[in-house]
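All remarks here apply to the structure that follows.
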Amino acid sequence: KKDLTLKVAKKGDYQLQNTKDAKKTNKKIMKTVKPKKSSVTVKKGKSTSFKLSSKCNKDNISKIKYSSDNSKVKVSKKGKISAKGSGTAKVTATVTMKNGQKKKIKVKVKVS
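So the numbering used here is basically just the index in the sequence shown, starting at one, shifted up by 950.
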């Protein structure tokens, strides 16, 4: 018989799972990591934010890194998308989960 000691960072309910069940749970969590909208339109000189789906539990996220494939559409470290010129761009968010898994999600940005 072995003892198990766990240290938890936050108050709440916890459940121990075997490896198979933990993989299933992780797969469900990863499916929720997606953008709120797949495309947005922004007027030149204005800005918007890269938003995650409301189903995404942000407590599972360690960090998010943003990038744009068009220099006319800038994106800050916090996900603020600024339209500097006309055109389209794909803004990518690389989401790193607390367990180390990464997922890339994209939003198409049209500047009018």
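We treat Cβ as the ideally placed atom computed from N, Cα and C, and that holds for glycine.
Lys1022 and Ile979 have their C-alpha atoms spaced approximately 33 angstroms apart. In terms of Cα proximity to Lys1013, the closest of Met1047, Thr975, Lys1040 and Lys1005 is Met1047.
Under the three-state reduction of DSSP, Ala1043 is assigned to strand. Cβ-Cβ distances below 7 angstroms link Lys1053 to Met980, Val983 and Val1045 in the same chain, with the five nearest sequence neighbours on each side left out; the list follows chain order. Judged by DSSP secondary structure, Ala959 falls outside any beta strand (DSSP E); it is assigned neither H nor E. Looking only at Lys1040, Asn1010, Asn968 and Lys960, the smallest Cα-Cα distance to Lys1024 is reached by Lys1040. The DSSP-derived three-state label of Lys1022 is coil.
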